[in-house]
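In the numbering used here, the protein residues as written are 961 to 1870. To start, the structure under review is shown below, and the notes come after it.
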């Protein structure tokens, strides 16, 4: 049979059981007594969970199958979006300064009349509420009948039912005046009070429709103790899997039950309760240990596929072997099976990676700097820079590339020449205490004023088109008519030829806002007051510059062996119509860009005064060495160079040659990236590939301007020789660290504390957004609506969505980050032993740590229960190719590592 019981079979069994059963002393059939006992126990268990794991909304969902949130959410989110709005809304409540609770109470009677027109006395109830939100919270919890010991848990569960909006409201609660919203009072108590009131009103309506009772735990307990059969049926049908014939009957009874027919319906509930009890307790269902086509065929078929077993193999098994197979399936629940798949997936990747590392031991360049590099390029640790570094080294093996957190140890409030407010460029865990302003160079004042006027005009026009067309009926009509021709041309160009249209728009922008040569001032007087987050100082004192630079150089293995040209290259991203812009930026700069930080670094370290102070501390920078700031756009693969005019004349020719090499590398990098874009044509050359990635940045319909950190899987912390010459498929963070300069592990400890949370955070963000995008991700970009300039919703009334959109994780392979560290086991064990933040990541296995001994190259895996254990994997021959293109061209999917001969060939430049 493909069903457990048919309706006729169920009725037949029920009649048989009823005839055979004897009545108890109270006159009830034994089955009635058992149902009543089970219902009372289950009811109390369910009520006890309120405040622990569920709220009133969750309780009613278990009893009715109806979710209050479907009706509650649109009413709540409209008020939240308006109250927290940062500039998108055309109108705001005049009561924002008095808080959400006060504003909501004043508008609720008017706005909710059509919602609760059938609910008596709700107006009077709102009018009688206390003026204080906290008092209202207490009142509502008491009316619910919840013990005080469960209040805190209830409020937490209540907030977590809408984690996006609750989280944003709590975040703004802790940051009064954020984005100059000084006239908006944000208090989490207001949010909870409004949330409780809406829950009560909607629950009251639902309880009145079904049972004509108040929405309190006491009344729900009273009702279902009176009608235990109804509770038994409801709690079963809405929370367990029942056959269709039972579900259909229950749904019909629930739909047609009326307030005036509760007693008449009791017999129907009793009959259904008997049917459900019979189904649950019948011999056909009770014999769970037996095998049937219904329960066993599909799992067995799947298992046979994975084990490579044919039908004839299965038929040849005896009873004991069959039992072994099914016992295995029984033990392998979804959680355990998922974890095993994850471990297998990670092991497959790790074995290939560690075999490649072992093959590469002693082959990678720059284990030391006995020979001076032709140039050094320090980029962000970001995995998207791995490909660029590899192509640079293939083009010129005399170039050394390095990686670090892309804010380069300078947490700054940056204000560019067009901005009227600061932008924090640093990790989210830091708050800058220093401000850096971009200013026009001497002699550029006239051009700067013209640019300022043009920029102001463009912003006013943009605001008029985007805002006034929504706020003003007359203005919107006129503006729509006037802007229609230009909008049509722009839309047509962006759809048909986005790349060329971008060039045209950039040209027009330069006509309105001419380019201005700029400079930055990084110096603060020695007697400046102490820099604080409340009172930033402009620039850094010499002592601050010295401390910051020395810390960074030593941490990242740059205390000696400087090349004539040292590039400090931050990164950012650019795209059109992208509310998830920050997800593509630099993680070490709070999702923004690191170019200004690189520019600040270079400006400071080029100062003779600072170099003299560094020399006193043992870091001697040759006189012919010059640092240059730059920024790499990871979307269109362009590179912006800063302050080229101050590069010494003797280095200009070398710099021109280096720029040419970087330009070639970005084209090769664009070609490599195009292989992962499903919409990129096959057979592109480097120029066509660059044109394609540029067009993606200008296409306002492009949901995938770039792929971000998709497929991130590993991190390397050590000398470049550890991974140089390996094709890592843009899947690894690369962090520079020289163990030969770090006897006691102090430098490594600082690096791990800085980059560990950044790398783990990015990796886990992609992991969870991939494995459960509905809960931890934010769905599709296509259905997103920007709300309040603070987040996105799906449609018009969803929760505020957090996490990554599907378009950023479609090709991601979810696994934990494999962190390969060039250090001894003892050094790493000591660091982890004294650092709780690292213990949380490593001992709980959010990241997987692998040690590579700096001298012997022996690889060890960290196991929380054992410590470091030797890696015993097989070292397989590594594929070798001349250059990266020989390995990746013609492939769309992730590739295993390969050896790139050109990267480690000395004395050659292609």
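All C-beta atoms, glycine included, are put in the ideal place defined by N, C-alpha and C.
Asked, Found
"Under the three-state reduction of DSSP, which class applies to residue 1730: helix, strand or coil?", "helix"
"Measuring alpha carbon to alpha carbon, tell me which residue in 1685, 1476, 1537 is nearest residue 1411.", "1476"
"With distance defined between alpha-carbon atoms, name the residue in 1638, 1071, 1600, 1808 nearest to residue 1720.", "1808"
"Which complete alpha helix (DSSP H) runs does the stretch 1535-1606 hold, if anything under 4 residues is left out?", "1555-1565, 1568-1576"
"Count the other CB atoms, across all protein chains shown, that sit within 10 Å of the CB of residue 1304; report buried if there are 16 or more and exposed otherwise.", "exposed"
"Need the endpoints of the alpha helix (DSSP H) that residue 1393 sits in, please.", "Per DSSP, residue 1393 belongs to no alpha helix (DSSP H) and is neither H nor E."
"Can you tell me whether DSSP reads residue 1056 as helix, strand or coil?", "helix"
"Quick check on DSSP: helix, strand or coil for residue 1864?", "helix"
"Please confirm whether residue 1155 and residue 1120 have their CB atoms less than 8 Å apart.", "no"
"Tell me which residue opens and which closes the alpha helix (DSSP H) that residue 997 is part of.", "990-1008"
"Given residue 1148, which residues of its chain have a CB within under 7 Å of its CB, disregarding the five upstream and five downstream residues?", "1129, 1130, 1133"
"Would you call the CB atoms of residue 1764 and residue 1753 closer than 8 Å?", "no"
"Can you list, in chain order, the residues of its chain whose CB lies under 7 Å from that of residue 1085, leaving out five sequence neighbours each side?", "none"
"Could you name the residues of the same chain whose beta carbon sits closer than 8 Å to that of residue 1742, not counting the 5 residues immediately before and after it, in chain order?", "1663"
"Which one of 1083, 1066, 1608 has the shortest CA to CA distance from residue 1073?", "1083"
"Round the Cβ separation of residue 1824 and residue 1805 to the nearest angstrom and send it over; I've been treating them as touching at under 8 Å.", "6 Å"
"So, using beta-carbon positions, are residue 1392 and residue 1373 closer together than 8 Å?", "yes"
"Would you mind sorting residue 1288 into buried or exposed? The rule is 16 or more other CB atoms within 10 Å of its CB.", "exposed"
"Just list the residues that DSSP pairs residue 1823 with in beta bridges.", "1827"
"With a CB to CB cut of under 6 Å and the five nearest residues on each side skipped, what residues in its chain are close to residue 1027?", "1021"
"Output the distance between the C-alpha atoms of residue 1174 and residue 1031, rounded to the nearest integer angstrom.", "19 Å"
"Would you call the CB atoms of residue 1405 and residue 1377 closer than 8 Å?", "no"
"Is it right to say residue 1243 is buried, meaning 16 or more other beta carbons lie within 10 angstroms of its own, or is it exposed?", "Its pLDDT being 44, under 50, residue 1243 is placed unreliably in this model, and the coordinates cannot settle the point."
"Exposed or buried, residue 1446, counting other C-beta atoms within 10 Å across all chains shown (16 or more means buried)?", "exposed"
"Given that a residue counts as buried once 16 or more other Cβ atoms are within 10 Å of its Cβ, and exposed if not, what is residue 1187?", "buried"
"Please check the pair residue 1591 and residue 1529, which I expect to be a contact at CB under 8 Å, by giving their CB distance rounded to whole angstroms.", "7 Å"
"Determine, using beta carbons only, whether residue 1661 and residue 1455 come nearer to each other than 8 Å.", "yes"
"Which residue from 1670, 1702, 1168 puts its Cα closest to that of residue 1788?", "1702"
"What residue range is occupied by the uninterrupted alpha helix (DSSP H) comprising residue 1288?", "1279-1291"
"How is the alpha helix (DSSP H) around residue 1452 delimited, first residue to last?", "1433-1456"
"The alpha helix (DSSP H) spanning residue 1505 covers which residue range?", "1502-1515"
"Whole angstroms are fine: how far does the CA of residue 1106 sit from the CA of residue 987?", "The predicted position of residue 987 is uncertain, since its pLDDT is 48 and thus under 50; a value taken from the coordinates is nonetheless stated next. Rounded to whole angstroms, residue 987 to residue 1106 spans 36 Å at the Cα level."
"From the DSSP output, read off the bridge partner residues of residue 1169.", "Paired residues: none, contrary to the question."
"Cα separation between residue 1246 and residue 1274?", "With a pLDDT of 48 at residue 1246, under the threshold of 50, the predicted position of this residue should be treated as unreliable, and no value is reported."
"Under the three-state reduction of DSSP, which class applies to residue 1076: helix, strand or coil?", "coil"
"For the stretch 1311-1318 and the stretch 1832-1840, state whether three or more C-beta atom pairs, one from each stretch, are separated by less than 8 Å.", "yes"
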